[in-house]
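Peer 1: Residue numbers (the numbering used here): 619 to 1015. Glycine is no exception: its CB is placed at the ideal position from the N, C-alpha and C atoms. Sharing a structure here in structure tokens format.
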Ligand code: SR1
Ligand code: MG
């Protein structure tokens, strides 16, 4: 099903015809701008003369960054709605206020956070946002626990899994993260100087590790995960606003491994670290970045332990929890490495690296590839965030 696409001219009438939205802004005085800068969708900010506002997101029937030659079902907004509904219940303070789904027009509406900053952008500018990593770690724990076998009984879990398929977007991740970077594919691209580094990824056991992690991604229907939780999927407050960071853009949500969301964050922090190193950012900022994986993991670990006594099935023992946390950390490191490599080699690059001037970009990209490989291949021996930080420091040196 393809539904008509909105534009800045048609949004006011659309809002006026939806009472729950018309109650939030005065349509008579509203102005509309389209601000979508992601790879897939339309995003409108509607603001009235009194300064009241909302965000309206509509999935396009194709991949925005490529164009109509790559059709993509607008149903992905239904996946995003599922992500929102779970987060509203389980982790409401770490997402934008949700105003709901319009299934007929494949839109969702939410709080306008345009006065906030996308975390990737502030990291690119060397800005410290204390608390964002721990907010995200806690968020992953709360949604992960609540939508998994820890929070749902056996029948409810089966029902949730069967209602949360997101095949088209999962296939994008399977291709772009786990597959294309490790073979010749027309969507891959890199600076010429990196060719030996990229070709080296295909030699040795890394391709087998990518295959193993892809298998985990495709088969471990553990919890309703975000599915694309990089630093571009997080808003951080400005200095005048001390609210917690907000996780958004949940259209890749599906039942998958909780470690994938943690790894997405880890891998994108690595990109930020590589940028900060070549730009010789102040040591205070680089130390801040070096702490982020630990802060995210520690918040995740603490929140899972806090929730553990409330698990619906006490036959999951305390000893099992320790083993589960260990496995989740190991897998997160592997996913993190793959998420970093994909942004260097495959389609859909990250501005952390792409906006660098070429000679710095090559140095940063090479450091990411080296470090990410050491994460993936060494992950089973990395016992703690401190040990991972050591591996990262060695890779970036
Ligand atoms: C074709 S979609 C490319 C990328 O954009 C999204 O943000 C996801 O990361 C996806 O892999
Ligand atoms: Mg996204």
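How many whole angstroms separate the CB atoms of residue 742 and residue 970, which I take to be in contact at a CB cut-off of 8 Å?
Peer 2: Position 124 of the chain shown, counted from the first residue, corresponds to residue 742. Position 352 of the chain shown, counted from the first residue, corresponds to residue 970. Sure, about 6 Å apart at Cβ, within 8 Å.
Peer 1: Is the number of C-beta pairs between the segment 859-874 and the segment 892-909 that are closer than 8 Å three or more?
Peer 2: no
Peer 1: Could you check if residue 885 is buried or exposed, using at least 16 other CB atoms within 10 Å of its CB as the buried criterion?
Peer 2: On the chain shown, residue 885 is found 267 positions in, with the first residue counted as 1. By the neighbour-count rule (16 or more Cβ atoms within 10 Å), residue 885 is buried.
Peer 1: For residue 639, which residues in the same chain have their Cβ closer than 6 Å to its Cβ, ignoring the five residues on either side in sequence?
Peer 2: Locating residue 639 in the chain shown gives position 21, where the first residue counts as 1. Once the five neighbours on either side are set aside, the close Cβ partners of residue 639 are 633, 727.
Peer 1: For residue 619, which three-state DSSP category applies?
Peer 2: Sequence index remark: in the chain shown, residue 619 carries index 1 (1-based). Note: residue 619 maps to coil in three-state DSSP.
Peer 1: With a cut-off of 8 Å, do at least 3 Cβ pairs link the segment 691-711 to the segment 841-849?
Peer 2: yes
Peer 1: In the DSSP assignment, what are the bridge partners of residue 720?
Peer 2: Within the chain shown, the letter at position 102 stands for residue 720. Residue 720 is bridged to 725.
Peer 1: Could you check what DSSP says for residue 915 in three-state terms: helix, strand or coil?
Peer 2: Reading the chain shown from its first residue, position 297 is the one you call residue 915. Looking at residue 915 - three-state DSSP - the assignment turns out to be helix.
Peer 1: Of all the options 696, 646, 691, 683, which has the alpha carbon lying nearest to the alpha carbon of residue 670?
Peer 2: Counted from its first residue, the chain shown places residue 670 at position 52. Answer by Cα proximity: 646.
Peer 1: For the beta strand (DSSP E) that contains residue 854, what are its first and last residues?
Peer 2: Counting from one through the chain shown, the residue named residue 854 turns up at place 236. Segment 852-854, the beta strand (DSSP E) holding residue 854.
Peer 1: Using beta-carbon positions only, say whether residue 966 and residue 619 come within less than 9 Å of one another.
Peer 2: Stepping through the chain shown from its first residue, residue 966 is reached at position 348. Stepping through the chain shown from its first residue, residue 619 is reached at position 1. The answer is no: Cβ separation not under 9 Å.
Peer 1: Looking at C-alpha atoms only, which residue of 960, 981, 714, 923 is the closest neighbour of residue 942?
Peer 2: Taking the first residue of the chain shown as position 1, residue 942 is located at position 324. Here the closest residue by C-alpha is 923.
Peer 1: Rounded to a whole number of angstroms, what is the C-alpha to C-alpha distance between residue 972 and residue 739?
Peer 2: Sequence index remark: in the chain shown, residue 972 carries index 354 (1-based). Sequence index remark: in the chain shown, residue 739 carries index 121 (1-based). Rounded to the nearest angstrom, the two C-alpha atoms are 13 Å apart.
Peer 1: Under the rule that 16 or more other beta-carbon atoms within 10 Å means buried, what is residue 688, buried or exposed?
Peer 2: For the purposes of this step, residue 688 is taken as the residue at position 70 of the chain shown. Counting the other CB atoms within 10 Å of its CB gives residue 688 a total below 16, which places it among the exposed residues.
Peer 1: For the putative contact between residue 979 and residue 810, defined by C-beta atoms under 8 Å, what is the C-beta separation to the nearest angstrom?
Peer 2: Counting from 1 along the chain shown, the entry for residue 979 is found at position 361. Counting from 1 along the chain shown, the entry for residue 810 is found at position 192. So it is not a contact: roughly 12 Å between Cβ atoms.
Peer 1: Checking the sheet assignment: what are the DSSP bridge partners for residue 685?
Peer 2: Here residue 685 is taken as the residue at index 67 of the chain shown, counted from 1. For residue 685, which the question treats as bridged, DSSP gives the partners 681.
Peer 1: Taking C-alpha atoms, which residue in 711, 757, 659 lies nearest to residue 917?
Peer 2: By one-based count along the chain shown, residue 917 stands at place 299. Residue 917 has its Cα closest to that of 757, out of 711, 757, 659.
Peer 1: Put residue 692 into one of helix, strand or coil per three-state DSSP.
Peer 2: The residue you call residue 692 lines up with position 74 of the chain shown. The answer is coil: DSSP assigns residue 692 none of H, G, I, E or B.
Peer 1: Where does residue 608 sit, in a helix, a strand or coil, going by DSSP?
Peer 2: Since the displayed the chain opens at 619 and closes at 1015, residue 608 lies outside it and no answer follows.
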